[in-house]
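Numbering (this note's numbering), first residue to last: 41 to 248.
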Ligand SMILES: [Zn+2]
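Written out as structure tokens, the structure reads:
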């Protein structure tokens with residue numbers, strides 16, 4: 041009788057151990073399914089808010105390359121002759137516009153801005169006119185993935201990116217009044233070449 045009781049007890053323990061092992065195995069499955077833990081998702085968010093300054097600098101010509109290019113041409117894209125003083129102005133303008141646009145995004149990141157739109161607040165840009173419509177908007181994520189969409193796009197460019205302080209719903213509702221997405225899919229739309237020089241006085245002539 042005692043032997044039978046001991047056998048039942050041992051069997052019960054064995055069954056319990058087997059059940060426990062089975063449960064442990066099931067519990068381990070979700071951790072092994074290849075999905076990244078949540079902390080990685082929040083990591084991506086912080087990357088999205090990384091300044092595009094370095095990535096953009098890697099895509100844009102150096103000051104030396106700009107100077108060399110300007111020194112080698114006599115006319116702008118419209119065949120208007122470039123005076124030597126205008127060469128220096130174009131270089132300074134390019135640098136200032138680049139800084140203003142980057143600072144605009146860096147300041148926007150501090151406030152969590154999700155949308156930016158292209159604007160020509162002082163002068164309309166006759167080169168960008170063929171590529172961008174005032175009010176075309178981009179998301180911060182599109183800027184993160186494609187830093188080349190940050191103006192200026194070419195020497196003499198007066199285009200700027202302006203922060204849109206609105207929610208997703210708000211910006212999409214505004215499309216009714218002329219704000220349209222710049223991207224139609226994942227591919228960045230064509231943009232001017234940086235060598236498409238337009239003298240600043242020529243751009244001033246198309247002021248609107
Ligand atoms: Zn432009």
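No residue lacks a Cβ here, since even glycine has one placed at the ideal position from N, Cα and C.
Asked: Output the boundary residues of the alpha helix (DSSP H) element that contains residue 136.; Found: 124-150
Asked: Taking the alpha-carbon positions, what's the residue 110 to residue 188 distance?; Found: 21 Å
Asked: Quick one: what does DSSP say residue 170 is sitting in, helix, strand or coil?; Found: helix
Asked: Which residue from 150, 148, 154 and 194 puts its Cα closest to that of residue 240?; Found: 194
Asked: Going by DSSP, which residues form a beta bridge with residue 159?; Found: 200
Asked: Kindly identify the DSSP beta-bridge partner or partners of residue 224.; Found: None; residue 224 has no bridge partner.
Asked: Which residues bound the beta strand (DSSP E) around residue 177?; Found: 177-179
Asked: So what's residue 241 in DSSP terms, helix, strand or just coil?; Found: helix
Asked: Relative to the C-alpha of residue 90, which residue among 123, 198, 126 and 185 is closest?; Found: 185
Asked: Check for me: the alpha helix (DSSP H) holding residue 104 runs from which residue to which?; Found: 103-111
Asked: Note down, in chain order, each residue of its chain lying with its Cβ closer than 8 Å to the Cβ of residue 100, except the 5 sequence neighbours on either side.; Found: 138 and 234
Asked: Flag residue 139 as yes if its beta-carbon sits less than 7 Å from any beta-carbon of chain B, otherwise no.; Found: In the structure shown, chain B cannot be found, because there is only a single protein chain.
Asked: Per DSSP, residue 121 forms a beta bridge with which residues?; Found: 115
Asked: Using the C-alpha atoms, what's the distance from residue 169 back to residue 72?; Found: Unreliable positioning characterises residue 72 in this predicted model, as indicated by a pLDDT of 45, which lies under 50. The coordinate reading is nonetheless provided below. Approximately 52 Å, taken between the alpha carbons.
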